[in-house]
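K.L.:
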Amino acid sequence: MMDIKSAHVGATTEDVARLITNRLLAVADAHKRPIHVAVSGGSTPKSLFEHWLKMPDELIRRRIHFWWVDERMVPMTDSESNYGNAFRTFFGKADYPQGLIHPIEYQEGRTTAEAAHLYDTMLSESLPTDGRSTPLDVVILGMGDDGHTSSLFPGQDLFEVEERYVKSVNPYNGVERVALSYTGILESPLVLFHVMGTAKREMLQRVFVPQTAEDRLLPAAYVVEHAKHVELYTDIALEA
Ligand code: 6PG
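For the sequence shown, my numbering begins at 14 and goes up steadily by one.
In structure tokens:
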């Protein structure tokens, strides 16, 4: 479990984006090879992408590979597309090298389970290319106000899934998703939670300082408890 006194708390969205970015660059510089990072979807990462757009070469010259934590099964032109939004906010504008970005592809007629299997295979097949011990070096996770992370939602029975990517569904709107599984998250050396906004304070407190068995089964809490190494980047001050 992470000691919440070690949480990285920033006063503004930009401060927190800078803290995470500096951590990412330090991890990249600690490796003799390009690192592989999985980014989440939703709205929080927008501040990261906007920050990166001010210094794209810091990422490009380190040849950082980007994968996606999860994706909604919609075309990238859709405003719900995590990759589409990331591309429109940063990767496209920065002319980020295509060989370094690995979107979860949506294809009309392909089932979500097939899309998850394809992506799982693509990530696994990238492993032997450069001596990584696990496919992902860093996983950047968000958290919903219900305690979900990736597209792993409370009440789903996905804890035992062996694949790194799995089919999931948003229980609130039925939209199918491809999601990095607990297996894929927990094998990674470093998990960075990026959670912003006082609306998430109560849930973030439950996730990082669980008080009940129910709290510990919240997807984000399960990751905090079982991951190899977790760091929290937020504008929320938690209580020990
Ligand atoms: C997604 C995300 C999801 C996200 C949380 C927080 O595709 O929706 O991966 O897990 O991180 O829902 O979303 P916000 O950043 O919009 O609050």
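We put the beta carbon where it would ideally sit given N, CA and C, even for glycine.
Are three or more beta carbon pairs between the region 155-174 and the region 122-132 nearer than 8 Å?
P.N.:
Judged by Cβ distances under 8 Å, the region 155-174 makes no contact with the region 122-132, as fewer than three pairs qualify.
K.L.:
What's the call for A253, buried or exposed, on a 16-neighbour Cβ count within 10 Å?
P.N.:
Under this definition A253 is an exposed residue.
K.L.:
Kindly indicate which three-state DSSP category D83 falls into: helix, strand or coil?
P.N.:
DSSP places D83 in strand when its eight states are reduced to three.
K.L.:
With a cut-off of 8 Å on the beta carbons, I'd call D83 and N95 a contact; round off their distance for me.
P.N.:
Yes, D83 and N95 are in contact; Cβ-Cβ is about 7 Å, under 8 Å.
K.L.:
Would you kindly work out how many angstroms separate the C-alpha atoms of E154 and M86, rounded to a whole number?
P.N.:
Per the sequence presented here, residue 154 reads as Leu, with Glu not at that position. Cα to Cα, the separation comes out at about 19 Å.
K.L.:
Unbroken alpha helix (DSSP H) runs of length 4 or more, entirely within the region 87-175: which are they?
P.N.:
Taking only runs of at least 4 residues, the alpha helix (DSSP H) segments lying wholly in the region 87-175 are 95-99 and 125-139.
K.L.:
For the candidate residues G55, A212, F100 and I198, whose alpha-carbon lies nearest to that of Y235?
P.N.:
Checking every option, the nearest Cα to that of Y235 belongs to I198.
K.L.:
Going along the chain, which residues of its own chain have a beta-carbon closer than 8 Å to the beta-carbon of P7, five neighbours each way excluded?
P.N.:
In the structure as shown, the chain begins at 14 and stops at 253. Residue 7 is therefore absent and cannot be evaluated.
K.L.:
According to the neighbour-count rule (16 or more other Cβ atoms, all chains shown, within 10 Å of its Cβ), is K11 buried or exposed?
P.N.:
Past the boundaries of the shown model lies residue 11; the chain is included only from 14 to 253, so the question cannot be answered.
K.L.:
Looking only at its chain, what residues have a beta carbon closer than 7 Å to the beta carbon of Y132, apart from the 5 residues adjacent to it on each side?
P.N.:
Counting only Cβ-Cβ distances below 7 Å, and skipping sequence neighbours, we find I117, Y178 and V191.
K.L.:
Taking 8 Å as the cut-off, is the C-beta of T57 nearer than that to any heavy atom in the ligand 6PG?
P.N.:
Checking every heavy atom of the ligand 6PG against the Cβ of T57, one is found closer than 8 Å.
K.L.:
Would you identify the three-state DSSP class for V52, choosing helix, strand or coil?
P.N.:
Three-state result, V52: strand.
K.L.:
Is Y178 helix, strand or coil when you go by DSSP?
P.N.:
Strand.
K.L.:
Have a look at H78 and T211 and give me their C-alpha separation to the nearest angstrom.
P.N.:
Whole-angstrom Cα-Cα distance: 31 Å.
K.L.:
If you measure from the CB of E84, is any heavy atom of the ligand 6PG nearer than 8 Å?
P.N.:
Under cutoff, so the answer is yes.
K.L.:
If you measure between the beta carbons of A20 and L66, is that distance less than 9 Å?
P.N.:
Not closer than 9 Å, so no.
K.L.:
Assuming W80 and H49 make a contact with CB atoms under 8 Å, what is their CB distance in whole Å?
P.N.:
That pair is a contact at about 6 Å.
K.L.:
Nearest by alpha-carbon distance to E27: which of P141, T57 and P69 is it?
P.N.:
It is T57 whose Cα lies nearest to the Cα of E27.
K.L.:
Answer with buried or exposed for Y119, where buried requires no fewer than 16 other C-beta atoms within 10 angstroms of its C-beta.
P.N.:
Buried, since its Cβ has 16 or more Cβ neighbours within 10 Å.
K.L.:
Are the beta-carbon atoms of A233 and M156 separated by less than 9 Å?
P.N.:
Cβ atoms of A233 and M156: closer than 9 Å.
K.L.:
Have a look at H207, P69 and V151 and flag the residue whose alpha-carbon is nearest the alpha-carbon of K44.
P.N.:
Reading off the sequence shown, one finds His at residue 44, where the question assumed Lys. Nearest C-alpha to H44: V151.
K.L.:
Look at the alpha carbon of K18 and the alpha carbon of G122, and state the distance between them as a whole number of angstroms.
P.N.:
So the two alpha carbons sit approximately 48 Å from each other.
K.L.:
Given that a residue counts as buried once 16 or more other Cβ atoms are within 10 Å of its Cβ, and exposed if not, what is H207?
P.N.:
Under this definition H207 is a buried residue.
K.L.:
Could you name the residues of the same chain whose beta carbon sits closer than 6 Å to that of R219, not counting the 5 residues immediately before and after it, in chain order?
P.N.:
Excluding positions up to five away in sequence, the list reads D228.
K.L.:
Given a cut-off of 9 Å on the beta-carbon distance, is the pair G23 and Y185 in contact?
P.N.:
No, they are not a contact pair.
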